[in-house]
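Taking it in order: structure first as structure tokens, then the write-up.
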Amino acid sequence: MSEKIYGIDMGTNSIKIYQKGAGVAVHQKNMIAMVKRKEPLAMGDEAYSMYEKAPKNIEVKRPIVNGVIADFTAMQTMIELYFKGAHGKKGGEGLSANGTSEFYIAVPTDITEVEKRAFYDLIASSSLKTKKIRIVEKPIADAMGAGLNVMDATGRLIVNIGADTTEISLISLGGIVQSRLLKIGGTKFDEAIQQAVKKKHNLVIGMKSAERLKMHLASGIKEDEEVTDDVMGRNLITGLPNRVTVTNHLIFEAMSESMSSIIDAIKFILEKTPPELSMDIMHDGVCMTGGSTHIKNLDLLIQQETGLSIMKMEDPELTVVKGLGMIMENPENERMAYNLQESDFH
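In this note's numbering, the protein residues as written are 4 to 349.
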């Protein structure tokens, strides 16, 4: 029987829950649909299917924005439903919390202590019965889930490009030497694509359509060959539904500014890196994680701009929650997690 010990990675795009002894139990879109802002109607992938399609009395939202909790009540409701079940069904198969349950929560490094405290309070003030709540710095869990040894004196550079944020972290001896959190990620790319299609083709498209164009046409390096894809939306002039053909070159131009900002931030961290750790990074390269690293040739762009080798993960969106699992499963990794003390917030 699996222990009631859980690790939770509340990402902007998706929520992942790891159960000790059972592995990743939940991997769903981090969205919730609320009726009249009170009654939960759907969550996860089901809520995502309603996104941009719901009537006015149904609000579909992301509780996490830019890596922090934007809607505390909505996020807490989701967590409770995953453990208590929605509409008589378990949100996560076999998930339950009793008086001996323990929670490990991944939080970004470069956020305020109050914002970190909100992740703790989310569980502590919920209706779930808990014995212990521990916090893990997200870059540490990320690196561990990527298979890096974070405990030795070797410098590890990890770049997590997520939905709303890019977190760049230099890790050594189980701690974070340098870090930077950018409010740039997959959502920023999607918004830029929306604007580019609107400007070029007088067509208003939804975020889902922009994301689909990104996954089909985006590239970190401008390609000589032109590749196209059709997209449907509303014509700005006529107000009628319309279909246009979009090129990969338009998508590249739309995303280039945000990609350049990520490169600049990586270079900034490298400039601040102590010489001895720089040698380690030259030897081992950069580890890329986060769902947005699926974008074609993004690793090649970073390699060309920094001169460093790039290591990509098979499931880059799961590295953080897998790292939480490694901390939970192995007592030797326990010191990677810590308790938030009340005195830290006075």
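Glycine residues also receive a C-beta, built at the ideal position from the N, C-alpha and C atoms. Small disclaimer: the values here were computed from a predicted structure and weren't measured.
Inset, instruction - May I ask which residues mark the beginning and end of the alpha helix (DSSP H) holding G14? - result: Neither: G14 is in no alpha helix (DSSP H) and is coded neither H nor E.
Inset, instruction - Let me know the secondary structure DSSP gives E83 once reduced to three states. - result: helix
Legend entry - Through-space distance from S222 to I179, alpha-carbon basis: 30 Å
Inset, instruction - Return the bridge partner residues of N245 from the DSSP annotation. - result: G236
Legend entry - Alpha carbon of H252 to alpha carbon of E226, nearest angstrom: 8 Å
Inset, instruction - Say whether the region 97–106 touches the region 67–76, bearing in mind that this needs 3 or more beta-carbon pairs closer than 8 Å, one atom from each stretch. - result: no
Legend entry - alpha helix (DSSP H) segment containing V200, residue limits: G189 to H204
Legend entry - One or two residues paired with T292 in a DSSP bridge: N163
Inset, instruction - Please determine if the region 171–187 and the region 205–222 are in contact, where contact requires at least 3 C-beta pairs separated by less than 8 Å. - result: no
Legend entry - Where the alpha helix (DSSP H) containing I269 begins and where it ends: N251 to K275
Inset, instruction - Tell me where the alpha helix (DSSP H) around S281 begins and ends. - result: P278 to D287
Inset, instruction - Kindly indicate which three-state DSSP category V153 falls into: helix, strand or coil? - result: coil
Legend entry - I136, buried or exposed, once every other Cβ within 10 Å from all chains shown has been counted against 16: buried
Legend entry - As assigned by DSSP and simplified to three states, the class of I136: strand
Inset, instruction - Give a yes or no on whether the C-beta atoms belonging to V153 and I171 are separated by under 9 Å. - result: no
Inset, instruction - Drop a sphere of 10 angstroms on the beta-carbon of L131, count the other beta-carbons inside from all chains shown, and report buried for 16 or more, exposed for fewer. - result: buried
Inset, instruction - Leaving out five residues on either side along the sequence, give the residues of the same chain with a beta carbon under 7 Å from the beta carbon of K186. - result: N69, D167 and T168
Inset, instruction - Check the C-beta distance from A36 over to I61 and give it rounded, since I have them as a contact under 8 Å. - result: 6 Å
Inset, instruction - Excluding the 5 residues preceding and the 5 following M13 in the sequence, name in chain order all residues of the same chain whose CB lies nearer than 6 Å to its CB. - result: I67
Inset, instruction - Using the DSSP secondary-structure output, state which residues sit across from T231 in a beta bridge. - result: T250
Inset, instruction - Inspect the CB distances between the region 138–146 and the region 99–113 and report whether three or more fall short of 8 Å. - result: yes
Inset, instruction - Helix, strand or coil for E42, going by three-state DSSP, please let me know. - result: strand
Legend entry - Local Cβ density within 10 Å of A156, reported as buried at 16 or more and exposed below that: exposed
Legend entry - Y51 (DSSP reduced to helix, strand or coil): helix
Inset, instruction - Per DSSP, which residues does R183 bridge with? Please list them. - result: I171
Inset, instruction - Run the CB neighbour count on P319, radius 10 Å, all protein chains shown included, and call it buried at 16 or more, exposed below. - result: buried
Legend entry - Cβ contact check for the region 35–51 and the region 194–205: 3 or more pairs under 8 Å: no
Inset, instruction - Compute the beta-carbon to beta-carbon distance between S312 and G293, rounded to the nearest angstrom, for a pair I have assumed lies under 8 Å. - result: That pair is no contact at about 18 Å.
Inset, instruction - Check K59 in the structure and name its three-state DSSP category. - result: coil
Legend entry - Coil, strand or helix - A100 by DSSP: coil
Legend entry - From K202, G189, V230 and E228, residue whose alpha carbon lies closest to that of K211: G189
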